[in-house]
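Residues 679 to 872 (the working numbering) are what the sequence shown spells out, left to right.
Take a look at the structure below.
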Amino acid sequence: MHHHLLRDTSFWLFLLSADQELAENARMEGCPCGGRLHCANYRRKPGGGPRDLPKQCRLRHSFCCNRDGCRKRMTPPSVRFLGRKVYLGAVVILVAAMRQGPSPRRVRELSKLFGADRRTINRWQVFWREQFPETSFWKIARARFVPAIDVAVLPRAFLDAFVGTDADREDWKRLLVFLSPITITGGLAIKVFR
Ligand SMILES: [Zn+2]
Numbered sequence: 679m680h681h682h683l684l685r686d687t688s689f690w691l692f693l694l695s696a697d698q699e700l701a702e703n704a705r706m707e708g709c710p711c712g713g714r715l716h717c718a719n720y721r722r723k724p725g726g727g728p729r730d731l732p733k734q735c736r737l738r739h740s741f742c743c744n745r746d747g748c749r750k751r752m753t754p755p756s757v758r759f760l761g762r763k764v765y766l767g768a769v770v771i772l773v774a775a776m777r778q779g780p781s782p783r784r785v786r787e788l789s790k791l792f793g794a795d796r797r798t799i800n801r802w803q804v805f806w807r808e809q810f811p812e813t814s815f816w817k818i819a820r821a822r823f824v825p826a827i828d829v830a831v832l833p834r835a836f837l838d839a840f841v842g843t844d845a846d847r848e849d850w851k852r853l854l855v856f857l858s859p860i861t862i863t864g865g866l867a868i869k870v871f872r
C-alpha cells in the first residue's frame with residue numbers, strides 16, 4: 679500500500695540519494711554566468727513523512743554562485759520537495775489521489791495518516807486539477823502520454839501511469855523525477871495563452 683511506503687524512512691533515504699544525484703548534476707553544470715556553485719543547503723520542516731524522518735532528509739539542496747557580482751542562488755530540482763509546499767511532494771500527490779476514484783478516502787482518515795487538515799488537502803486538489811494543467815511544463819509534457827491523460831483525474835492518473843497499485847519505490851522515483859522540473863523556482867510559472 680502506498681501510504682505504508684510513504685511512512686517508511688528507507689523510502690525517504692532512497693529519494694534523498696536521487697536528490698543528491700540531481701544536485702550533483704546541477705553543481706557540475708555551474709552557474710550560467712560561468713561561476714562555480716558552492717553548497718548553500720537549507721533546512722526545511724517537511725510535513726507528512728514518518729515521525730523519525732532523518733535529519734539529512736529535511737535538507738533542501740541548494741547552491742550559491744561564487745562569483746562576485748553574481749552570487750546567485752541555484753536550487754536544483756528535487757524528488758522530495760514540491761516547490762514551496764510544506765508537505766513532501768509524494769504526500770501532496772498521494773493524498774490528493776486518495777481523494778479521487780470510486781471510493782475516495784475520507785478527509786478525516788487522511789488527516790490522521792499524514793497530518794494535513796481539510797483546507798490543505800482541498801488546496802492540493804485545486805492545485806492538481808486547476809493550476810498544474812496550466813503550467814508550461816504540463817503543456818509540453820502531456821504530449822508524451824499515449825493514451826492521453828485526462829487532467830480531470832490528476833494526480834491519480836499519474837499514479838496509474840507510473841506506479842500502479844504495488845507501490846514500488848523505483849516507480850515512485852520515476853514519477854517524481856518526471857515531475858521534478860516543477861519543483862524549482864519558476865518551474866510552476868503559469869503561462870496563459872489567449
Ligand atoms: Zn553566477
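Glycine residues also receive a C-beta, built at the ideal position from the N, C-alpha and C atoms.
Endpoints, beta strand (DSSP E) assigned at residue i
i	result
residue 715	715-717
residue 741	741-743
Residue i: CB within 7 Å of a non-hydrogen atom of ligand 1
i	result
residue 751	no
residue 722	no
residue 745	yes
residue 711	yes
residue 735	no
residue 748	yes
Residue from the options with nearest C-alpha to residue i
i	options	result
residue 724	758, 781, 826 and 697	758
residue 720	839, 696, 735 and 809	735
residue 681	728, 698 and 718	728
residue 739	679, 792 and 704	704
residue 698	788, 745, 787 and 754	754
residue 830	805, 844, 702 and 852	805
residue 771	692, 858 and 812	858
Supposed close pair residue i, residue j - CB separation, criterion 8 Å
i	j	result
residue 742	residue 715	7 Å
Boundaries (first-last residue) of the alpha helix (DSSP H) holding residue i
i	result
residue 776	767-776
residue 849	847-857
residue 816	814-819
residue 785	785-792
residue 839	834-840
residue 689	687-707
residue 799	796-804
Buried/exposed call for residue i, threshold 16 Cβ in 10 Å
i	result
residue 710	exposed
residue 685	buried
residue 790	exposed
residue 825	exposed
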